[in-house]
Every structure is written in structure tokens, then in C-alpha cells.
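What follows is a single structure, written as C-alpha cells, with notes after it.
Numbering (the numbering used here), first residue to last: 5 to 83.
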């Protein structure tokens, strides 16, 4: 189950180099977010398995799929 107590979720998995890059981008924006390993949830693994990292906005039900740049993250969070 995904924790939606925070508006933003970064879907990732262990050992994913692109996910580490995405996490760094999100961290630069000082946005409060939760990160969720898709391997902990069969439905998420099926949905995002080949697409991670994915940055998700639970308030607006929007997804930002990789590849994205820093300015894409800024636009996505409304910075």
C-alpha cells in the first residue's frame, strides 16, 4: 500500500541508478515527498516496472515519467 500522507511520491526500486538521479532532483526542490519501492507492491511493480523512476502527485493524480529534467520537476510541483 502506498503512503499518500504526503502529496508527492517517487516510485523507485533498489539499485536503480536513474532513480537515484531523480531522487536528487526532487531533493533539490525541498519538497515533502515519500519514496516507495515498487518491488514492495505487486500492483506497482506491474504498473511501473519498466517506467521508473516516476514522480507522482497524489492530489492531482498526475505522473511525471522518466526521463525528466530539473525544470520538469519544478513545473510538476508548481515551483
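Ideal Cβ positions, reconstructed from N, Cα and C, are used throughout, including at glycine.
(Q) Once the 5 residues before and after residue 52 are set aside, which same chain residues still bring their CB inside 7 Å of it? (A) Closer than 7 Å at Cβ, skipping near neighbours: 15, 42, 58.
Q) Since residue 40 sits in a beta bridge, which residues does DSSP pair it with? A) 15
Q) Taking the Cβ atom as the reference point for each residue, do residue 68 and residue 80 lie within a distance shorter than 8 Å? A) Yes, the pair counts as a contact, with Cβ atoms nearer than the cut-off.
(Q) Output needed for residue 76: all residues of its chain with C-beta closer than 6 Å, excluding positions within five of it in sequence on either side, in chain order. (A) none
(Q) Once DSSP output is grouped into helix, strand and coil, what is the label at residue 33? (A) coil
Q. Considering only C-alpha positions, which residue in the set 37, 17, 65 is nearest to residue 54?
A. 17
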